[in-house]
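Colleague:
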Amino acid sequence: MNTIRLPKSVLLFLVSMALPAAAMFLPGLSGNVASAQSTGDTLHLPTRTATPHPTLTPTFSPTPPPQAVWVGRVVNHVPQATQGQGSIFRVSVIGLPDTPIELRSGDAFITAKSGSKPEYGPFAAEFAPVTEGTWTVSVPALGVSLEVTADNYNLAVIEFAQVPQSEATQAARPSATPTPFAGEIWAGRVVSEDNAGGIPFSRLLVQVAGRDEQAVQLSTLSQILSVGKTGQKPDELGPNMVEFAGLTPGDYFID
């Protein structure tokens, strides 16, 4: 699985090869035969008393809710949001007001509490200006963090929320790790990126070298967005390609 962070751009992503037992059951037949000794005898059948059976009330065990874990994610990224005096990070801890949030980069350290900026949401805090660099955004009380990049111009909207554990496992996977497939080693890489100015959405082109009809899945941390097959538009896109369009800036997973 590979993680792609999309700006407002057209991105080309290349995936290439690196060097009945059956059983028959027959019902048994059994019974009691009573007969008279002659035609004049009377057949006396024993009186049967019905055995009482207690009424069984079905019991239902409630299905336990799926275990939830806390994860952090960038839910919106706005480039060129400031004039260059510093980036802005708006961070929410969903459902938990008054919770300390920390930003760290080298020796720099900033802290604020969730809910201190209600104009951006009931659980929001704002950090500004955030100087250029990679910052670790964390909620120490929850033991969760993520890294977010500041370039002195961008606005990052960050959210810490609970999601089912099955959805959060993607976040724990290392990105850009070669995957063995049918004895071969496959790896993904970004081969080109074009900045299409004035277009509000991004387009992602994925090529699986030498393989048409190959299913490619695009997802975010919380949901699967689309599954497409390569080779559906050879005249428009080229061989072994699949297109995902209308994407907003954010982090995407390609499988």
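Taken in order, the sequence shown gives residues 0 to 254; the numbers are from numbering that gives the first Met the number 0. Note that the Cβ used here is the ideal one computed from N, Cα and C, for glycine as well. Quantities reported herein were computed from a predicted structural model and do not represent experimental measurements.
#1: With hydrogens ignored, establish whether the beta-carbon of Pro78 is closer than 6 Å to any heavy atom of the ligand FAD.
#2: Which residue marks the beginning of the beta strand (DSSP E) containing Leu102, and which one marks its end?
#3: May I ask you to list the residues that DSSP assigns as paired with Lys228?
#4: Please classify Glu158: does DSSP put it in a helix, a strand, or coil?
#5: Looking only at C-alpha atoms, which of Ser104, Asp97 and Arg103 sits nearest to Ser113?
#6: Counting only the same chain and skipping the five closest in sequence on each side, list residues whose C-beta sits under 8 Å from that of Ile223.
#7: Which residues share a DSSP beta bridge with Pro163?
#8: Evaluate Phe200 with the Cβ neighbour count: other Cβ atoms within 10 Å of its Cβ, from every protein chain shown; 16 or more gives buried, anything less gives exposed.
#9: Under the rule that 16 or more other beta-carbon atoms within 10 Å means buried, what is Ile157, buried or exposed?
#10: Just the Cα atoms here: how many angstroms apart are Val70 and Gln206?
#11: By DSSP, does Tyr251 sit in helix, in strand, or in coil?
#12: Assuming Ala124 and Val90 form a contact by the criterion Cβ under 8 Å, report the distance between their Cβ atoms to the nearest whole angstrom.
#13: Would you mind working out which of Ser104, Val138, Leu204 and Ala160 sits nearest Thr148, comparing C-alpha positions?
#14: Considering Glu125, what are the terminal residues of the alpha helix (DSSP H) in which it resides?
#15: Identify whether Asp150 lies in helix, strand or coil by the three-state DSSP scheme.
#16: For the beta strand (DSSP E) that Leu246 lies in, which residues bound it at each end?
#17: Excluding the five sequence neighbours on either side, which residues of its own chain have a C-beta within less than 7 Å of the C-beta of Gly30, listed in chain order?
Modeller: Well, looking at it:
#1: Ligands are entirely absent from the displayed structure, and the ligand FAD is therefore not among its contents.
#2: Pro99 to Ser104
#3: Ala214
#4: strand
#5: Asp97
#6: Gln216 and Leu217
#7: Ala67
#8: exposed
#9: buried
#10: 30 Å
#11: strand
#12: 5 Å
#13: Ser104
#14: Counting along the chain, Glu125 falls outside any alpha helix (DSSP H), though it belongs to the beta strand (DSSP E) covering Ala123 to Val129.
#15: coil
#16: Met240 to Leu246
#17: A caution first: Gly30 carries a pLDDT of 44, below 50, which makes its placement in the model unreliable, though a value can still be read off. Correct list: empty, nothing qualifies.
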